[in-house]
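What follows is a single structure, written as structure tokens, with notes after it.
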Amino acid sequence: MRSAYHSILKWSFLTGTSTILLKLCYESLYNVSLRTSNKSISTYENTLISWASTGQRSKTIQNKLIDTKIPDNLQFIGAQIYFRHGARTPLSLLPGLEEVSYTKEHIEIYPPSKWDIKLITKLGNDIVSKDKILSANDIIGDRIKQLKSASDVKVVTGQLTAIGEKQLYQLGKLIRSQIIKQDNNGLIPNIYDPNIVYCRSTYMNRTIASARSFLAGLFSSENDDNKIQAKGPFEIEVHNFPDEDMFPNSKMYPALKKCHTALELYRLLHDDHDLKKARQALINHIGVADYPHGIVELYDEFVSRQAHNFSIPKKFLELTKDFEVMSAREFVSMATSIGFDLFIRSTCGPLLYLMKENFNSIAKNYLDEKENNIKKPYKKLFVYSGHDTTLIPLTMALEIFEMRWPDYGSYIFMKYYVSKTNPNETYVAVDYADEPQILPNCDNYYCPYSTFLKNLENRFEKPKYLKNN
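Here the sequence shown stands for residues 12 to 480, where the numbers follow my numbering.
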């Protein structure tokens, strides 16, 4: 089974999750209009494509404060969060950079986030034993390389560090302040209950550890000496890695196979294009003749070093100073080459479908409880631990992407409200990159759920494991 999938995912480790693009869409922006049929391009899509091509946004950003005060007629009934894993070691090492050495403090588990976990392993929609499915390590384990360590603790590429665990623990604390109250009158109880909190991760060590760290922070309180409040292990659902739909996966969605490679993108861009010049300048400096990847992969080691306070030579800092934005522009250039909506449906369409189903489930259970006056536990918080390439398509679909590569621990937090006077009216409020967002066609932070669904109506894609069930 492993050999059958190895050729499909063989390079995914080199690009990490930016990474599990699986031959994602590299093509010149100048050919976009020829590849996207005769469908009219939306204003947002046109703005995004132009932004990626030129580096200039075609409309003014309104830097106004967004009023997030909850209206008196709304009641908070549910939430969902999607986040990128925490800081990790680089996925590969670049020539020309002296390798750093990781200490025991870098690698050992961040103590406050230590807790037992129970993996719920699924093949399709069925819970199966762990030996029936494949993890990321089963697929790309032979590409994982050992790194320098100042102690006897083994360190490898792509490994979540204690700094990464701390980032997600702190994110859990932040979300706790919004959904848990010490008197237990918040959205969810202050003691972990898998009947109320659902958690899913890609089947990769760093995302699983990030999910554990987030839940540890969510269920820790200074009032309880920061001890984790849980009666059992954290339950984390994982799926067969080759069938994963929480990142772009051309095995699951073959439309992505029609996209070009990084080399083709840069062959098609003219020599004076700023992306091409920036990429080539770094390649020339590290002395690699035939580098097959893009700016995203080149930038990876520098981002990892900065997160762990390792020094970076001045020349490299100068050459990569714009790479946070350029990585995002490169990604959008790749993505939109097959058409915006097709890309969205093929990458995050399944997550958007689950997002809708989760909100619908919260509303149904809320109404059932209210009408029958019977309290029963049901899932009110949905947690998804993923990657940079989980967040970018989602923010593109929601039309809130700001053309910057997501930091470690970046997140989309979505709160769900019901009208106290009309329980059939519900609202969604979204935060991204620590900032409240006003969604398209919405007048303020609290977007009518009907408008939210209308915005996404051509972007939902029912997960294949549900289609086949």
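Note that CB positions come from ideal geometry on N, CA and C, so glycine has one too. No experiment lies behind these values; they were computed from the predicted model shown.
Which two residues bound the contiguous alpha helix (DSSP H) that contains residue i?
{"i": "Y203", "result": "Here Y203 belongs to no alpha helix (DSSP H), and DSSP marks it neither H nor E."}
{"i": "L482", "result": "The structure shown does not extend to residue 482, since the chain is modelled only from 12 through 480, so no value can be given for it."}
{"i": "Q181", "result": "173–190"}
{"i": "T343", "result": "Here residue 343 turns out to be Val, not Thr, going by the sequence shown. Element bounds for V343: 334–346."}
{"i": "D285", "result": "285–297"}
{"i": "P361", "result": "360–383"}
{"i": "E308", "result": "306–318"}
{"i": "S162", "result": "From DSSP, S162 is part of no alpha helix (DSSP H); its letter is neither H nor E."}
{"i": "W62", "result": "54–65"}
{"i": "E413", "result": "It is not in any alpha helix (DSSP H) - E413 carries neither H nor E in the DSSP assignment."}
{"i": "Y476", "result": "475–478"}
{"i": "D149", "result": "147–151"}
{"i": "H8", "result": "Residue 8 is absent from the model: the chain starts at 12 and stops at 480."}
{"i": "F471", "result": "Note, F471: premise wrong, no alpha helix (DSSP H); not H, not E."}
{"i": "T462", "result": "460–466"}
{"i": "K326", "result": "325–330"}
Just to confirm before moving on: does the CB-CB distance between residue i and residue j stay below 9 Å?
{"i": "M407", "j": "V343", "result": "yes"}
{"i": "L464", "j": "V441", "result": "no"}
{"i": "H117", "j": "G397", "result": "no"}
{"i": "A339", "j": "I423", "result": "no"}
{"i": "V394", "j": "C210", "result": "yes"}
{"i": "P474", "j": "D256", "result": "yes"}
{"i": "K326", "j": "H296", "result": "yes"}
{"i": "F230", "j": "I239", "result": "yes"}
{"i": "Y264", "j": "R356", "result": "yes"}
{"i": "Y427", "j": "G89", "result": "yes"}
{"i": "I150", "j": "K133", "result": "no"}
{"i": "L309", "j": "L293", "result": "yes"}
{"i": "T213", "j": "A147", "result": "yes"}
{"i": "A222", "j": "I247", "result": "yes"}
{"i": "E233", "j": "K159", "result": "no"}
{"i": "M414", "j": "W62", "result": "yes"}
{"i": "F412", "j": "L59", "result": "yes"}
{"i": "V164", "j": "K156", "result": "no"}
{"i": "T100", "j": "Q170", "result": "yes"}
{"i": "N452", "j": "N466", "result": "yes"}
{"i": "R429", "j": "Y457", "result": "First, the amino acid is wrong: residue 429 is Val here, not Arg. Result no, Cβ atoms of V429 and Y457 do not sit closer than 9 Å."}
Pick out whichever of the options has its Cα sitting closest to the Cα of residue i.
{"i": "G243", "options": "E233, D204, N216, T401", "result": "D204"}
{"i": "T218", "options": "C270, G420, T132", "result": "G420"}
{"i": "P388", "options": "K325, L198, C359", "result": "L198"}
{"i": "T432", "options": "K381, L405, Y443, D445", "result": "K381"}
{"i": "F321", "options": "P434, D149, E308, A98", "result": "A98"}
{"i": "L179", "options": "Y476, C458, P200, P122", "result": "P122"}
{"i": "A241", "options": "V208, S160, T272", "result": "V208"}
{"i": "L362", "options": "R187, N479, E436, Y93", "result": "Y93"}
{"i": "K367", "options": "Q91, N84, I60, P253", "result": "Q91"}
{"i": "E341", "options": "H281, L330, Y377, A273", "result": "A273"}
{"i": "I449", "options": "L76, M345, I306, L378", "result": "L76"}
{"i": "K390", "options": "L405, Q67, A374", "result": "A374"}
{"i": "A173", "options": "I191, Y113, D445, K129", "result": "Y113"}
{"i": "S103", "options": "Q86, R154, S53, G135", "result": "R154"}
What are the boundary residues of the beta strand (DSSP E) that residue i is part of?
{"i": "S430", "result": "422–430"}
{"i": "R95", "result": "85–95"}
{"i": "A98", "result": "No beta strand (DSSP E) holds A98; DSSP gives it neither H nor E."}
{"i": "S232", "result": "Segment: none, S232 is in no beta strand (DSSP E) and carries neither H nor E."}
{"i": "L130", "result": "128–134"}
{"i": "H250", "result": "245–250"}
{"i": "V441", "result": "437–443"}
{"i": "P447", "result": "446–448"}
{"i": "R395", "result": "It is Tyr, not Arg, that sits at residue 395 in the sequence shown. Counting along the chain, the beta strand (DSSP E) containing Y395 begins and ends at 392–397."}
Quick one: using the 10 Å Cβ neighbour count with 16 as the cut-off for buried, is residue i buried or exposed?
{"i": "I138", "result": "exposed"}
{"i": "D10", "result": "Nothing in the structure corresponds to residue 10, since the chain is present only between 12 and 480."}
{"i": "Q291", "result": "exposed"}
{"i": "G78", "result": "Inspection of the sequence shows that residue 78 is occupied by Asp rather than by Gly. With fewer than 16 Cβ atoms within 10 Å of its Cβ, D78 is classed as exposed."}
{"i": "K332", "result": "exposed"}
{"i": "A220", "result": "buried"}
{"i": "P82", "result": "exposed"}
{"i": "H304", "result": "buried"}
{"i": "T358", "result": "buried"}
{"i": "I385", "result": "exposed"}
{"i": "S188", "result": "exposed"}
{"i": "T400", "result": "buried"}
{"i": "P259", "result": "buried"}
{"i": "E312", "result": "buried"}
{"i": "K50", "result": "In this predicted model, K50 has a pLDDT of only 43, less than 50, meaning its place in the structure is not dependable enough to derive any value."}
{"i": "T347", "result": "buried"}
{"i": "Q67", "result": "exposed"}
{"i": "S124", "result": "buried"}
Would you please state the rounded distance, in angstroms, between the beta carbons of residue i and residue j? I believe it to be under 8 Å.
{"i": "Y302", "j": "F471", "result": "With a Cβ gap of about 37 Å, Y302 and F471 do not count as contacting."}
{"i": "Y460", "j": "F370", "result": "7 Å"}
{"i": "L392", "j": "I202", "result": "At roughly 13 Å, the Cβ-Cβ gap does not stay under 8 Å, so L392 and I202 are not in contact."}
{"i": "F245", "j": "I128", "result": "5 Å"}
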